[in-house]
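Those letters in the sequence shown? Residues 1 to 347, per UniProt numbering, in order.
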Amino acid sequence: MGVALLLLVGGAELLVRSALRLAQRLHVRPLIIGLSLVAFGSTAPQLTVSLQAAYQGAPDVAVGSVIGSNIFNVLVILGLAALIIPLRVSRQLVRLDIPLMILASGLVYALSANAHLGRVEGALLLLGLAGYLAMLWHQSRHYARTYPAPDAARSGAGRFWSGTLLQILVGLGLLSLAGHLLLEAAIEVATDLGLSERIIGLTVVAICTSLPELAAALIAALRGEREIAVGTVIGSNLFNLLAVLGLTALITPEPLSISPNALSFDLPVMLGVAVLSLPVFYSGYRITRAEGLVFLCLYLAYGLHVAAFTMGMPLAGRLERLMLFYVLPVLATVLLYTTVRAWRRQH
């Protein structure tokens, strides 16, 4: 376990450092690198686990890990990163990428309404991924044309590319290996405890497969690279929904079944968390330390519900109703109010 954690931190540091060098060399914004390269690389363990679970006849693990990972990414990773340093973000992220994350979350929820995700739904999600990648490519080209790179940045290409690409591959490899080692240990413990596939997917698998994103985002925050920290989370959530679920649903023999509990609680919470992030960012284009603490408290409440449900406690139903019909609506109202106030100040 200790070795895996060391690999995780080392891989994250190497990946973030080489990603920054790549952004400078390609003359693209660090946000684009976070939304694409870092997010895609850190999502690789999630894709591997979901495909393996689906082929082994455990769709609750495949789907639950994506849902749980997206909830963990927003509430825990952004919450912890904001505690390290308040996260200021660009207008593009607030006006485009976060709404796209909300749209993708809503699309997955809508496609799951018939209690399964088949090849047609998977193809639609992958089509959305292709559109998103095309948009990122267009943005990077527009930025390069608007702000041309100095001649010094174009010299000495050979040594730079070989060294930087090697560092990126090593960083991604260390993250994947560390995530795999931690995941195996955690699943073994969870299975011994007799946890259901849904709970294992929502918690153990989701958290372990999100550890690469956690490490990359926290290292980026510690280095003051806020755009990479936030871009990693938003990009990872989009890749989880569009690439991981899309590819898994497309190539597995049987459609992915969606459990009633996932439809009635987990998917609405995932969508609610995505919606919640928009007004938080919009009110000042940042997440403050106080808002980061609120995110962490919300995940604690979600974790308490999952724990109560696992132990078969009557409290689980009450916690579920409390979150769906009180906590989330009250938070949405407060955040809507702060968003309107922020919009009026800006206009």
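Here a beta-carbon is modelled for each residue, glycine too, at the ideal position from N, C-alpha and C.
Query, Result
"Coil, strand or helix - Leu-267 by DSSP", "helix"
"C-alpha gap between Gly-10 and Val-273, whole angstroms", "30 Å"
"Cβ pair Asn-22, Ile-32 closer than 8 Å", "First, the amino acid is wrong: residue 22 is Leu here, not Asn. Taking 8 Å as the Cβ cut-off, Leu-22 and Ile-32 do not qualify as a contacting pair."
"Ordered list of beta strand (DSSP E) runs contained in the region 61 to 121, each at least 3 residues", "none"
"Sub-8 Å separation of Leu-202 and Gly-57 beta-carbons", "no"
"Distance, Ser-18 Cα to Leu-165 Cα", "8 Å"
"Straight-line Cα distance separating Ile-228 from Ile-71", "19 Å"
"Cβ pair Leu-129, Gly-246 closer than 8 Å", "yes"
"Cβ-Cβ distance between Ile-258 and Ser-65 below 8 Å", "no"
"Rounded C-alpha distance that separates Ser-169 from Ala-216", "Per the sequence presented here, residue 169 reads as Leu, with Ser not at that position. Cα-Cα distance, rounded: 14 Å."
"Exposed unless 16 or more other CB atoms sit within 10 angstroms - verdict on Leu-242", "buried"
"Beta-carbon proximity of Arg-29 to Tyr-285, cut-off 8 Å", "no"
"Closest by C-alpha distance to Ala-301, when choosing among Ser-277, Ser-42, Ala-39, Leu-75", "Leu-75"
"Three CB pairs or more closer than 8 Å across the region 38 to 45 and the region 232 to 241", "yes"
"Spatial distance of Gly-173 from Ile-199 (CA atoms)", "28 Å"
"Continuous alpha helix (DSSP H) stretch holding Pro-45: start and end", "39 to 55"
"Per-residue burial, Leu-7 [other beta carbons within 10 Å of its own, 16 or more giving buried]", "buried"
"Gly-79, buried or exposed, once every other Cβ within 10 Å from all chains shown has been counted against 16", "buried"
"Reference Ala-185, options Arg-119, Leu-35, Cys-208, closest by Cα", "Cys-208"
"Contact under 8 Å by Cβ, Glu-291 with Ala-82", "yes"
"Buried or exposed (CB count within 10 angstroms, at least 16 for buried), Val-275", "buried"
"Whole-angstrom C-beta distance between Ser-210 and Asn-73, which should lie under 8 Å", "6 Å"
"Status (buried if at least 16 other CB within 10 Å, exposed otherwise) for Ala-152", "Caution applies to Ala-152, whose pLDDT of 47 falls short of 50 and renders its modelled position unreliable; the model cannot decide the point."
"As assigned by DSSP and simplified to three states, the class of Leu-195", "coil"
"Nearest-angstrom Cα separation, counted from Cys-297 out to Pro-268", "18 Å"
"Three-way DSSP call (helix, strand, coil) for Ser-259 in this model", "coil"
"Inter-residue spacing [alpha-carbon to alpha-carbon] between Tyr-55 and Ser-196", "18 Å"
"Contact check, Glu-213 vs Ile-77, beta carbons under 8 Å", "yes"
"Min CB distance Arg-17 to chain D below 8 Å", "In the displayed structure, chain D is absent; only one protein chain is listed."
"Limits of the alpha helix (DSSP H) - the one that Ser-36 falls within", "No alpha helix (DSSP H) holds Ser-36; DSSP gives it neither H nor E."
"Length of the line joining the Cα atoms of Pro-253 and Pro-59", "12 Å"
"Cβ distance (whole Å) where Ala-262 is taken to contact Arg-119 below 8 Å", "Between Arg-119 and Ala-262 the Cβ distance is about 20 Å, and since that is not below 8 Å, they are no contact."
"Boundaries of the alpha helix (DSSP H) in which Ala-58 is found, first to last residue", "No alpha helix (DSSP H) contains Ala-58, which DSSP labels as neither H nor E."
"Cutoff 7 Å; reference Phe-239; Cβ partners in own chain excluding five residues on either side", "Ala-39, Phe-40, Thr-43"
"Straight-line gap, Thr-191 to Ser-140 (C-alpha atoms, nearest Å)", "45 Å"
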